[in-house]
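Count along the sequence shown from 1, add 1, and you get the number used in the working numbering.
Built from N, CA and C at the ideal position, the CB exists for glycine as well.
A short worksheet on the structure shown next.
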Amino acid sequence: MRADIHHLKTIEQRLLWLSHWMIHNANHLRPKADGIKVGGHQASSASMVSIITALYFSTLRPVDRVAVKPHASPIFHALQYLMGHQTRARMENFRGYGGVQSYPSRTKDIDDVDFSTGSVGLGVAITSFAALVQDYIRAKPWGSDAPQGRMVALVGDAELDEGNIYEALQEGWKNDLRNCWWIIDYNRQSLDGIVREGLFERVEKIFDAFGWDVVRIKYGALQRAAFAEPGGDRLRDWIDACPNAQYAALTFQGGAVWRKRLMDDLGDQGDVTALIEKRSDDALADLMENLGGNCVETMADTFDSITHDRPTCFLAYTIKGWGTPIAGHKDNHGGLMTKSQMGEWQQHMGVPEGQEWEPFATVDDPEALRAFLAKVPFFARSPRRYSDARLAVPAIEISTDREISTQTAFGKILDDLAKGDSALADRIVTTSPDVTGTTSLGPWVNRRKLFARREQADAFIEHRIPSTAKWEFTPKGQHIELGIAEMNLFLLLGAAGLSHELWGKRLIPIGTVYDPFVHRGLDALNYACYQDARFIIVGTPSGVTLAPEGGAHQSIGTPLTGMAQDGLASFEPAFADELAVIMEWAFDYLQRDGSGVVDERTWLRDETGGSVYLRLTTKPLEQPGKRVDEAFRQGAVDGAYWLRKPGPNCSVVIAYQGAVADEAIAAAGMIGEHRRDIGVLAVTSADRLNAGWTAAQRERARGNDSAQSHVERLFGALPPDCSLVTVLDGHPATLAWLGSVAGHRTISHGVEHFGQTGSIKDLYRHFRIDRTALVESVSRLTSGRSFR
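Here you go:
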């Protein structure tokens, strides 16, 4: 027997109690203003308490990182509370405003969360990409001293229904994954029912196919001891053959029913009958519910036995609701113990009334336990969240003396950085889901190579076959090539975007993807932003401007996604010099940590930093020439600037965003003879314009009458009867709100329906985002005489 088993059992029972009391308090004792169930997943927490106890208090080291199963959040918070890293006030306010969160959150919780979880499956998969990022960092001269640990996911078995799990498994296999553990809580119950028989065999085969070691942990120490008794082999055979639903039902009914069923099936067989009859009902229930995942001794021993760095899947059999009155019941996922059940269970657990929140209640030797906790390796260093110095951003410039698209300009900017020797360029890591070349990353990759832990030569180079792609894999490489799975793209960006806090080494992650498929990875994008990961995502090509590809590849709603997504500053520049200014700003913005001051010029939260989304295009535009004035540079970052300033009697402003710039400019020239003092507003970020406007309004509502946003200053001199005509290659709602800023009539042009194949001219005409449509709207829908 392990020397620490007494303390581990004590901790296990303490965590079980504290987590369940926290949930009970939130649902049955704390006043509820809304009158609705708070919830908290008691049964899902109970099934994992032994696993978490063994992992955190026996196995983990400070360099290891863990993604906790969302529904085991109460156990995680309870262990932090036991260690003094969580407050009672926040525990009492579980799922309340300012209390501990429903699911572990890096940004909302005060305790030591490595990876936020919540949307099931994503927390699991990000650990594999974190392991890849760890290898990437440690392969670089500047990162060789970075800590190296295991990336661990605590997995609910129902999370294996999520498709992104299998996409991540394949990517891990391709990238020689190591130092990654997935520990599956195989309780075989989910919200709507009990899992199919034999699922474990399919799970094991899948993991084995992708090169993982699979460790099945089915029997606890009590069961293994019983199996060694005379007749134990027949008991084991019965357990193996018992259907999941039957095992759950028998667990809920308890020892007497266990006895009857076992005697009915196995009685009158001599040794096995004696094995059953020598145990009381309670002892028999303890034996039958002592599955491997509910045995802290078994779990600790199993974890200790793994000494290699191969990816390992632990399939730990558990009872959902283990150790509680609702164990095994098929409704226990969303169920809660009643007040009477909790009262009886409190007596069973030996917790005195009035000491429910006491971390060491029921502990027979508190000082001995404190001494043990003080030496637990995982908690030896606190905090475990690192930081890294900000990288200087070199000047970003690009020639504007020829026609060029924003996508091509993006590739040229990265290529120029690749040629240089800046510290920033050395920390850039690019990635793309099988669209590296077609999103203009090729020149960067040719210079900075692809990452692999082992050198891999390019056969085309070896055989002297001409190719624009010089794809050499090397540990020094700065591009991680992914398969065509957008969820993996955003999970990798999420992991890389936390590198400064997880390993103390800052990365500047840049991902590219065809813009319509931003939505295909949207759940993972939201997840990465929720963790406050820092990265640049480039969606290109975009819109119906990608004319020959047809509706399936033509994005419509992504500009609205860019506006709505928290933690993501969205831009859609039209010209190369705008993109250069924005990227120079973005490289710094990614590194901000909230220590700056609020910018009352824009009322944006720029001091907090965040990630950046660039919506680009393959459409070449004639460039406006070299521009160096500060109004242009600042306006490009703040979200808009006057390309053509309106006169004092302005009757029409054309506001455009992105690739339709040439149509807007041409339309302004065409209506100049018929409308007075025309203005042309170049919008680079509807997202930042809108965010600044709403923030300034909130500030005025609080009493600061002087608060004014960038867009309000831009529109401040426009006459009240001026009309706005807006246009972009995307949903018209992106700019339609501009009329609300100062009460100007607005006519919005954009794309609302699926596209189709054709030329750019055909599709612009079809969707009425061309110059002719803009002129028609001005002629017929604004004040003044109609014209042709």
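Where the beta strand (DSSP E) containing residue i begins and where it ends
i	result
residue 186	181 to 187
residue 264	Unbroken run through residue 264 is the alpha helix (DSSP H), 256 to 267; no beta strand (DSSP E).
residue 164	That residue, residue 164, is in no beta strand (DSSP E); its alpha helix (DSSP H) goes 164 to 175.
residue 214	214 to 218
residue 556	Counting along the chain, residue 556 falls outside any beta strand (DSSP E), and DSSP gives it neither H nor E.
residue 570	569 to 572
residue 740	Careful: residue 740 lies outside any beta strand (DSSP E), inside the alpha helix (DSSP H) at 740 to 743.
residue 510	509 to 514
residue 643	641 to 645
residue 482	480 to 483
C-beta contact flag for residue i and residue j at 9 Å
i	j	result
residue 572	residue 622	no
residue 531	residue 117	yes
residue 1	residue 151	Given that the chain is displayed from residue 2 to residue 789, the structure contains no residue 1 and the question cannot be resolved.
residue 200	residue 236	no
residue 445	residue 480	yes
residue 412	residue 441	yes
residue 672	residue 776	yes
residue 39	residue 24	yes
residue 742	residue 768	no
residue 739	residue 690	yes
residue 295	residue 259	no
residue 750	residue 774	yes
residue 494	residue 432	yes
residue 617	residue 539	yes
With 16 other Cβ atoms within 10 Å as the buried cut-off, status of residue i
i	result
residue 43	buried
residue 192	Here the model assigns residue 192 a pLDDT of 48, short of 50, so the residue's position is not dependable and the matter cannot be decided.
residue 67	buried
residue 461	exposed
residue 755	exposed
residue 349	exposed
residue 81	buried
residue 466	exposed
residue 144	buried
residue 101	buried
residue 632	exposed
residue 2	exposed
residue 12	buried
residue 159	buried
residue 339	exposed
residue 650	exposed
residue 55	buried
residue 582	buried
Where the alpha helix (DSSP H) containing residue i begins and where it ends
i	result
residue 651	No alpha helix (DSSP H) holds residue 651; DSSP gives it neither H nor E.
residue 25	6 to 25
residue 1	Since the first residue shown for the chain is 2 and the last is 789, residue 1 is missing from the structure and cannot be characterised.
residue 560	559 to 565
residue 792	The shown model of the chain, from 2 to 789, leaves out residue 792, and the question about it has no answer.
residue 784	Taken as a continuous stretch (DSSP letters only), residue 784 belongs to no alpha helix (DSSP H), as it is neither H nor E.
residue 2	Counting along the chain, residue 2 falls outside any alpha helix (DSSP H), and DSSP gives it neither H nor E.
Sequence-distant residues of its chain with Cβ nearer than 6 Å to residue i (five each side left out)
i	result
residue 748	726, 778, 782
residue 87	78, 81, 112
residue 6	298
residue 502	386, 387
residue 492	126, 127, 130, 525
residue 450	473, 475, 478
Own chain partners of residue i with C-beta closer than 7 Å, once the 5 adjacent residues on each side are dropped
i	result
residue 76	16, 20, 46, 49, 50, 53
residue 636	642
residue 459	471, 472, 473
Contact with chain D by residue i, beta-carbon distance below 9 Å
i	result
residue 722	Of the protein chains in this structure there is only one, and it is not chain D.
Chain-order list of residues whose beta-carbon lies under 8 Å from that of residue i (same chain, five-residue window excluded)
i	result
residue 713	694, 697, 742, 743
residue 222	291, 296, 298, 299
Practice task
Give a yes or no on contact between the stretch 495 to 509 and the stretch 177 to 191, applying the rule of three or more CB pairs nearer than 8 Å.
Solution key: no
Practice task
Report yes or no: do the stretch 256 to 265 and the stretch 284 to 301 share at least 3 C-beta pairs separated by less than 8 Å?
Solution key: Below 8 Å, enough C-beta pairs join the stretch 256 to 265 and the stretch 284 to 301 to call them touching: three or more.
Exercise for the section: Please determine if the stretch 121 to 130 and the stretch 155 to 173 are in contact, where contact requires at least 3 C-beta pairs separated by less than 8 Å. Expected result: yes
Practice task
Evaluate the contact criterion for the stretch 224 to 242 versus the stretch 270 to 285: three or more CB pairs, one atom per stretch, below 8 Å.
Solution key: yes
Problem - Inter-stretch contact at 8 Å, needing at least 3 Cβ pairs: the stretch 304 to 314 / the stretch 174 to 185 - result: Yes, they touch.
Exercise for the section: Would you check if there are 3 or more beta carbon pairs closer than 8 Å linking the stretch 522 to 531 to the stretch 484 to 492? Expected result: yes
Handout entry: Inter-stretch contact (C-beta, 8 Å, three-pair minimum) for the stretch 7 to 26 and the stretch 349 to 367
Key = Using a Cβ-Cβ distance cut-off of 8 Å, the stretch 7 to 26 and the stretch 349 to 367 are in contact, since at least three pairs of beta carbons, one from each stretch, lie closer than that value.
Problem - the stretch 587 to 607 in contact with the stretch 701 to 716 per 3-pair CB rule at 8 Å - result: These segments touch.
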